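The sequence shown finishes on residue 297 if you use this note's numbering, and the numbering steps up by one all the way, no holes.
The structure appears right after this line, and notes come after that.
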Amino acid sequence: MACISSNQAMTTDVVLIASGQCDVVIAGGVELMSDVPIRHSRKMMLDLNKAKTLGQRLSLLSKFRLNFLSPELPAVAEFSTSETMGHSADRLAATFAISRLEQDGYALRSHSLAKKAQDEGFLSDVLPFNFPGKDTVTKDNGIRPSLLEQKAKLKPAFLKPYGTVTAANSSFLTDGASAMLIMAEEKALAMGYKPKAYLRDFVYVSQDPKDQLLLGPTYGTPKVLEKAGLTMNDIDVFEFHEAFSGQILANFKATDSDWFAQNYMNRKTKGHAMIVETYPK
Numbered sequence: 017m018a019c020i021s022s023n024q025a026m027t028t029d030v031v032l033i034a035s036g037q038c039d040v041v042i043a044g045g046v047e048l049m050s051d052v053p054i055r056h057s058r059k060m061m062l063d064l065n066k067a068k069t070l071g072q073r074l075s076l077l078s079k080f081r082l083n084f085l086s087p088e089l090p091a092v093a094e095f096s097t098s099e100t101m102g103h104s105a106d107r108l109a110a111t112f113a114i115s116r117l118e119q120d121g122y123a124l125r126s127h128s129l130a131k132k133a134q135d136e137g138f139l140s141d142v143l144p145f146n147f148p149g150k151d152t153v154t155k156d157n158g159i160r161p162s163l164l165e166q167k168a169k170l171k172p173a174f175l176k177p178y179g180t181v182t183a184a185n186s187s188f189l190t191d192g193a194s195a196m197l198i199m200a201e202e203k204a205l206a207m208g209y210k211p212k213a214y215l216r217d218f219v220y221v222s223q224d225p226k227d228q229l230l231l232g233p234t235y236g237t238p239k240v241l242e243k244a245g246l247t248m249n250d251i252d253v254f255e256f257h258e259a260f261s262g263q264i265l266a267n268f269k270a271t272d273s274d275w276f277a278q279n280y281m282n283r284k285t286k287g288h289a290m291i292v293e294t295y296p297k
């Protein structure tokens, strides 16, 4: 569990409060994609654990090779399909006939609006962070509007040479941290806090990881609206936390709603720090 873990932490805390187990909870997470743990061969470790007798250990020793000690690079592939999300996004975009131009155009729109919001002070909830010996980080540094012509020059990142998902129309892996203070409205008002947001309801969905891995928004949105007794017309802004332009555009097509496709917001420009990705800010 990676990308969904922040949602899991948040909704678990809500259930704890609703059940009377807790009054106030802080849900938070940190992702350090620039310095992830490096491990050695998992197969080697499993074989070592299985070797109980002296004979088994000697037999294992006879099969030892120096490359068993080579570190394994961190993997981001989905374990049941061995595909990365980028591969899934590329195939999903092809299934829904999402062109490279559409994906690049969406990425440009997303970055441009994020830059506008940043310049106008709407992202003031980002806290400064001091790095020893380096400049203080005061804002997200992944917001990078560029011309469509520049985006068009990039090569496919996953399905080469004919894929449409590139570094320009995808989010980037990044370090990040976020936290949220959760309590019932009555408790918040009693403590003098002004609620910033309310969590009315939530739902988790699952799909076939081979062909529908990235269609969660299409399956989840109508379910949570139905649970809350709402329709799409009752919502002013939808915010999806997804990683690829092709993916989000495919979900728009899957909903078969022109209105829905015109009333949305997305966090693709803010990077993909897996553990903290879905906390609202």
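Even glycine gets a Cβ: it sits at the ideal position worked out from N, Cα and C.
None of the values given here were measured: they were computed from a predicted structure.
Residue ranges of each alpha helix (DSSP H) within the region 47-103, 4 or longer: 58-66, 70-78
Touch test, the region 248-262 against the region 104-119, Cβ-Cβ under 8 Å, three pairs minimum: yes
Where the beta strand (DSSP E) through A4 begins and ends: Nothing in the structure corresponds to residue 4, since the chain is present only between 17 and 297.
H127, enclosing alpha helix (DSSP H) - first and last residue: 116-135
Cβ-Cβ distance between I42 and A184 below 7 Å: no
Proximity winner among E201, L230, K155, P177, relative to A193 (alpha-carbon distances): K155
Contact the region 130-148 vs the region 66-74: 3+ CB pairs below 8 Å: no
In DSSP terms, what S186 is bridged to: F260
V181 - containing alpha helix (DSSP H), residue span: Taken as a continuous stretch (DSSP letters only), V181 belongs to no alpha helix (DSSP H), as it is neither H nor E.
Continuous alpha helix (DSSP H) stretch holding Q24: start and end: 21-34
Alpha-carbon to alpha-carbon, T28 and V219: 12 Å
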